[in-house]
Amino acid sequence: HFAEAFEITFEDKNSDESVCWTTSWGLSTRTIGALIMAHGDNDGLRLPPTVAPIQVVIVPIHQGDNRTEVVEYAEEIREELKDDFRVELDSRDHRTPGYKFNEWELKGVPLRLEIGPNEMEDEQVTAVRRDNGEKTGFNFESLKSETDSLLESVQKGLYNELADYLEANIREAESKNEILGIIGKNRGYVKTRWCGKEECEEEVKDEISAEIVVLPFREDSKPGGIQEEDEETAGKCAVCDEEAKRWAYFAKNY
């Protein structure tokens, strides 16, 4: 027990010293890996704003004669945003704007603000989303509200993109042959009724190296609850044809 070995304790509701409950299966690194695999694209990371270390990066675009004015305006934008967002101003002179764009896209920063002479003169901001590359402009007065709205839209966009992908890759099967056929031709999950017997899972596993990877909770169940029989699960197990106890999701075992 790592908590005991490292003396990790807390004071419980009875003011007694208790040992923390801990896990040792690397959840933190696995969730980071899942996030990278799920959201990343060919240009690098795409981080959801809620977990991005830097939510907004400001990139000044200037030439030698207007550097000071453009950077000062970019700094003004940073000051306006810094109390509400995790923001970075990239004012490095030894890197071109194009290099900076690519670098911050690679790092997955959700929103890039491009500030050039035109933006400075008109007190405007040009914003580019990392999730879909859309570019939009707005004035300085609405900087906070527009930034907040864009980040919220990026967050929802990334979530909905994966939700749609997941839904498109879940297929239902009513028999073992359907399970084998679907898994043999498609990636993703097969949703099917299951009697609860390990023998049925093993039968599928032996034939196509697929196993049960998810036993879903009822939508209204409390954390830790189990799926119960109801009208939705009523039916026959796809493998043995006995009464089904719950839904199960099969997937290829790599």
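Residue 1130 in the numbering used here is what sits at position 18 of the sequence shown, and the numbering runs on without skipping anything.
For every residue, glycine included, the Cβ atom is placed at its ideal position computed from N, Cα and C.
Alpha helix (DSSP H) containing L1274: first to last residue? Where L1274 is concerned, the enclosing alpha helix (DSSP H) starts and stops at 1255-1280.
Just to check my reading of the structure: V1302 and A1280 have Cβ atoms closer than 8 Å, yes? What is that Cβ distance to the nearest angstrom? Beta-carbon to beta-carbon, V1302 and A1280 are separated by about 14 Å, too far to satisfy the 8 Å threshold.
So what's A1150 in DSSP terms, helix, strand or just coil? Residue state, collapsed to three classes: helix.
* Can you name the start and end residues of the beta strand (DSSP E) that E1135 belongs to? -> For the record, residue 1135 in the displayed sequence is Thr; it is not Glu. Note, T1135: premise wrong, no beta strand (DSSP E); not H, not E.
Check for me: the beta strand (DSSP E) holding F1114 runs from which residue to which? No beta strand (DSSP E) contains F1114, which is instead part of the alpha helix (DSSP H) from 1114-1117.
Hey, out of T1238, T1143, V1351, G1210, whose CA is closest to V1163's CA?
-> Taking only the C-alpha atoms, the option nearest V1163 is T1143.
Nearest to Q1236 (by Cα), restricted to the options N1244, E1226, K1357
A check of alpha carbon separations from Q1236 across N1244, E1226, K1357 identifies E1226 as the nearest.
- From H1151, K1194, A1150, T1208, residue whose alpha carbon lies closest to that of L1255: Residue K1194 is the option with its Cα nearest to L1255.
Exercise for the section: Look up N1230 in the DSSP assignment and say whether it is helix, strand or coil. Expected result: Under the three-state reduction of DSSP, N1230 is assigned to helix.
Item to complete: Work out the CA separation of I1166 and P1222 for me, nearest whole Å.
Response: The straight-line gap from Cα to Cα measures roughly 8 Å.
*Let me know if E1231 comes out buried or exposed under the rule of 16 or more other beta-carbons within 10 Å of its beta-carbon.*
Flag for E1231 reads buried.
* So, helix, strand or coil for A1363, using DSSP? -> Here A1363 sits in strand by DSSP.
Considering only C-alpha positions, which residue in the set E1187, L1218, D1177 is nearest to D1155? Checking every option, the nearest Cα to that of D1155 belongs to L1218.
| message | Nearer than 6 Å: is that true of the beta carbon of L1278 relative to any heavy atom of the ligand MG? | response | The ligand MG is not part of this structure, which contains no ligands at all.
**Buried or exposed by the 16-neighbour rule on C-beta atoms within 10 Å, applied to K1212** = Using a 10 angstroms sphere on the CB of K1212, the tally of other CB atoms reaches 16 or more, which defines it as buried.
- Message: Measuring only the C-alpha atoms, how far is A1186 from N1251?
- Response: Rounded to whole angstroms, the separation of the alpha carbons of N1251 and A1186 is 13 Å.
Exercise. Among F1362, R1198, R1204, E1119, which residue has its Cα nearest to the Cα of I1173?
Worked result: Ranking F1362, R1198, R1204, E1119 by Cα distance to I1173 puts R1204 first.
Query raised in the report: Using a Cβ-Cβ cut-off of 6 Å (strictly less than) and excluding sequence neighbours within five positions of E1315, which residues of its own chain qualify?
Result: For E1315, where only same-chain residues beyond five positions count, the Cβ hits under 6 Å are V1351.
Legend entry - Candidates F1114, S1257, G1308: closest to W1137 by CA position: Answer by Cα proximity: F1114.
Where are the alpha helix (DSSP H) runs, 4 residues long or more, that stay fully inside the segment 1136-1207, in chain order?
-> With a minimum length of 4 residues, the unbroken runs of alpha helix (DSSP H) contained wholly in the segment 1136-1207 fall at 1139-1151, 1179-1193.
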